[in-house]
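*Asks:* Got a structure here, written out as structure tokens. Questions coming.
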Ligand code: PGA
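Residue numbers (my numbering): 4 to 246.
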């Protein structure tokens with residue numbers, strides 16, 4: 004599988020950052036797919052700046068409805084119109100800061116697919132859940148309930164305690180969790196579940212990317228902090244194995 008390296012800019016990035024970043028990533032030779040998910044305000048600008056480069060642009064959330072009286076929300080067709088082809092859904096910062104449930108995430112994923120976007124559904128346990136030995140159970144429940152019928156998209160395994168902390172699970176723990184995720188995908192979705200990409204996310208940096216990306220069933224990375232610097236994002240992409 005060709006690895007995907009996805010940058011999640013979260014609530015970072017201003018207009019002045021777009022051209023320089025786009026130029027730097029466009030110019031670099033890559034053997035991975037690259038995706039930039041900036042804030043809503045920069046999607047259109049990035050889509051224009053990256054046109055023809057093969058580098059995709061994505062959103063960080065969408066509403067389950069195509070339109071309506073939902074102040075502050077953005078719909079999947081709106082993201083597509085702005086130039087997005089992917090959307091991150093159910094990120095832990097959405098699940099915990101905005102109270103998003105698995106059912107809500109499934110509704111968003113369905114809307115994204117309907118709009119022609121590739122949903123990237125995030126799952127992952129908290130530190131307390133891992134310490135209690137519940138990590139695989141929590142992730143299984145999230146997968147069973149956050150994916151709509153006929154889900155076609157990407158899964159990002161992001162242990163909540165590894166996000167923005169500089170801490171990562173051991174390689175053995177990442178490999179075990181990705182194998183468990185693959186088994187649940189096959190169980191829930193049948194044959195198509197075996198072909199979906201599973202990304203690892205949480206404190207991926209140039210220094211640890213090669214070892215994480217070489218693990219079985221790790222088909223790429225969802226990168227937060229390190230994706231804000233083109234140089235670091237490209238170093239992570241360069242560390243991915245040739246698929
Ligand atoms: P991080 O964030 O790389 O800064 O840990 C990852 C994410 O939240 O997607």
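Glycine included, C-beta positions come from ideal geometry on N, C-alpha and C.
Which word fits residue 134, buried or exposed, when buried means at least 16 other C-beta atoms lie within 10 angstroms of its C-beta?
*Replies:* That one is exposed.
*Asks:* Is residue 15 near ligand 1, in the sense that its beta carbon is under 7 Å from a heavy atom of that ligand?
*Replies:* No.
*Asks:* Can you give me the Cβ contacts of residue 73 inside the same chain, cut-off strictly under 7 Å, excluding the 5 residues immediately before and after it?
*Replies:* 66, listed in sequence order.
*Asks:* Once the 5 residues before and after residue 212 are set aside, which same chain residues still bring their CB inside 8 Å of it?
*Replies:* Taken in chain order, the residues that qualify are 224, 238, 239, 242 and 243.
*Asks:* Determine which residues share a DSSP beta bridge with residue 10 and list them.
*Replies:* Bridge partners of residue 10: 39 and 226.
*Asks:* Is it buried or exposed, residue 104, if we count other Cβ atoms within 10 angstroms and call 16 or more buried?
*Replies:* Exposed: under 16 other Cβ atoms inside 10 Å.
*Asks:* Using only the alpha-carbon positions, how far apart do residue 156 and residue 165 sit?
*Replies:* Going by the C-alpha atoms only, they are around 23 Å apart.
*Asks:* Here's the rule I'm using: 16 or more other beta-carbon atoms within 10 Å means buried, otherwise exposed. How should residue 181 be labelled?
*Replies:* Label assigned to residue 181: buried.
*Asks:* From the DSSP output, which residues share a beta bridge with residue 46?
*Replies:* Paired residues: none, contrary to the question.
*Asks:* I want to check one thing, is the minimum distance from the CB of residue 225 to the heavy atoms of ligand 1 below 7 Å?
*Replies:* Checking the Cβ of residue 225 against ligand 1 gives yes.
*Asks:* Could you pull out every unbroken alpha helix (DSSP H) segment of at least 4 residues lying fully inside the segment 62-148, listed in chain order?
*Replies:* Taking only runs of at least 4 residues, the alpha helix (DSSP H) segments lying wholly in the segment 62-148 are 79-85, 95-100, 105-117 and 130-134.
*Asks:* For a test of your reading of the model: does the CB of residue 229 fall under 7 Å from any non-hydrogen atom of ligand 1? Yes or no.
*Replies:* Indeed, a heavy atom of ligand 1 lies less than 7 Å from the Cβ.
*Asks:* Unbroken beta strand (DSSP E) runs of length 3 or more, entirely within the segment 152-217: which are they?
*Replies:* Entirely contained in the segment 152-217, the beta strand (DSSP E) runs reaching 3 residues are, in chain order, 157-160 and 200-204.
*Asks:* Tell me the DSSP secondary structure of residue 233 in three-state form.
*Replies:* Reduced to three states, the DSSP call for residue 233 is helix.
*Asks:* Whole angstroms are fine: how far does the CA of residue 48 sit from the CA of residue 185?
*Replies:* Each residue's Cα considered, the two are about 36 Å apart.
*Asks:* From which residue to which residue does the alpha helix (DSSP H) around residue 23 run?
*Replies:* Here the alpha helix (DSSP H) through residue 23 covers 18-30.
*Asks:* Here's the rule: buried if 16 or more other CB atoms are within 10 angstroms of the residue's CB, otherwise exposed. What is residue 145?
*Replies:* Answer is buried; the Cβ neighbour count reaches 16.
*Asks:* Here's the rule I'm using: 16 or more other beta-carbon atoms within 10 Å means buried, otherwise exposed. How should residue 198 be labelled?
*Replies:* Burial call: exposed.
*Asks:* Report yes if the C-beta of residue 70 is less than 7 Å from at least one heavy atom of ligand 1; otherwise report no.
*Replies:* No, the Cβ of residue 70 stays beyond 7 Å of every heavy atom of ligand 1.
*Asks:* Where does residue 59 sit, in a helix, a strand or coil, going by DSSP?
*Replies:* DSSP places residue 59 in strand when its eight states are reduced to three.
*Asks:* Assign residue 52 to one of three DSSP states: helix, strand, or coil.
*Replies:* Helix.
*Asks:* Could you say which of 11, 75, 27 and 21 lies nearest to residue 233 if we only look at CA atoms?
*Replies:* Answer by Cα proximity: 27.
*Asks:* Measure the alpha-carbon distance for residue 111 versus residue 102 and round it to whole angstroms.
*Replies:* Each residue's Cα considered, the two are about 14 Å apart.
*Asks:* Identify which residue in 11, 5 and 33 has its Cα closest to the Cα of residue 228.
*Replies:* Comparing Cα-Cα distances from residue 228 to each of 11, 5 and 33, the minimum goes to 11.
*Asks:* Within the same chain, show all residues whose beta-carbon is closer than 7 Å to that of residue 200, passing over the 5 residues directly before and after it, in chain order.
*Replies:* 4, 7, 157, 222 and 223, listed in sequence order.
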